[in-house]
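Participant:
Numbering (the working numbering), first residue to last: 42 to 230.
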């Protein structure tokens, strides 16, 4: 009887089993993906600046960046990052991999400050801090993901009231943005 009562009152340390080797592989792939993707934006921007200095800028319809090797290095870096991100989903559940994608924003912000000499304002720093806190919170408190066995099970989950409410709110917000705010913004520019 004593062991039965103890099993109901286990601490989180007792119930924590640690990360599996697959989750660790997924975590490493997701982190490297964020590093590659974050760095790719900086490399591509340097390539765009270099191409804009010697030809017609991309912002006004020029294609000189396509002849700039630095821009292509940035594109290849991004492709490598996206492949690593895709591979991370094969090893770890989406609830662990997806939040780590926010780290690419932080990497881009830090590298832009260091390499491009761009100023990082207080709101940028606050945004980066919130990304780190949010990603860490989600990863540390991620529930166990249950396996989906069939398309019918996916359909049943999609028909749950909570998801239907969420989908309706998202669709409503999109239509409000498209039909109310965008026309108003277009008139002011």
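Ideal Cβ positions, reconstructed from N, Cα and C, are used throughout, including at glycine.
Source: prediction; values computed, not measured.
Quick one: Cα of residue 226 to Cα of residue 101, how far?
Facilitator: Their backbone Cα atoms lie some 21 Å apart in a straight line.
Participant: For residue 178 and residue 93, I'd like the C-alpha separation in whole angstroms.
Facilitator: So the alpha carbons of these two residues sit roughly 41 Å apart.
Participant: What is the C-beta distance between residue 243 and residue 80, in whole angstroms, given that I count them as a contact (C-beta under 8 Å)?
Facilitator: Because the chain here runs from 42 to 230, residue 243 falls outside it and cannot be looked at.
Participant: Quick check: the Cα distance between residue 69 and residue 157, rounded to an integer number of angstroms?
Facilitator: C-alpha separation (whole angstroms): 27 Å.
Participant: Rounded to a whole number of angstroms, what is the C-alpha to C-alpha distance between residue 71 and residue 64?
Facilitator: Taking the straight line from one Cα to the other gives about 10 Å.
Participant: Considering only their Cβ atoms, is the gap separating residue 84 from residue 115 smaller than 9 Å?
Facilitator: Yes, they are a contact pair.
Participant: Smallest Cα separation from residue 61: which of 108, 161, 134?
Facilitator: That would be 134, whose Cα lies nearest to the Cα of residue 61.
Participant: For a test of the three-state rule: what should DSSP assign to residue 189, helix, strand or coil?
Facilitator: The answer is coil: DSSP assigns residue 189 none of H, G, I, E or B.
Participant: Give every residue of the same chain whose Cβ lies closer than 8 Å to the Cβ of residue 146, excluding the five residues on either side of it in the sequence, and list them in chain order.
Facilitator: Here the set comprises 79, 168, 169, 172.
Participant: Buried or exposed: residue 194, going by 16 or more other Cβ atoms within 10 Å of its Cβ?
Facilitator: Exposed, because fewer than 16 other Cβ atoms sit within 10 Å of the Cβ of residue 194.
Participant: The alpha helix (DSSP H) that contains residue 179, what's its start and end?
Facilitator: Residue 179 -> alpha helix (DSSP H) spans 163 to 181.
Participant: Please tell me whether residue 103 and residue 97 are closer than 9 Å, where the distance is taken between their beta carbons.
Facilitator: Result yes, Cβ atoms of residue 103 and residue 97 sit closer than 9 Å.
Participant: Take the Cβ of residue 210 as the centre, count every other Cβ of all protein chains shown within 10 Å, and call the residue buried at 16 or more, exposed below.
Facilitator: By the 10 Å Cβ count, residue 210 comes out exposed.
Participant: Provide the residue span of the alpha helix (DSSP H) that contains residue 203, from first to last.
Facilitator: Note, residue 203: alpha helix (DSSP H), 202 to 217.
Participant: Determine the DSSP secondary structure at residue 67, reduced to helix, strand or coil.
Facilitator: Helix.
Participant: Could you tell me if residue 118 is buried or exposed, where buried requires 16 or more neighbouring beta carbons within 10 angstroms of its beta carbon?
Facilitator: Buried is the call here.
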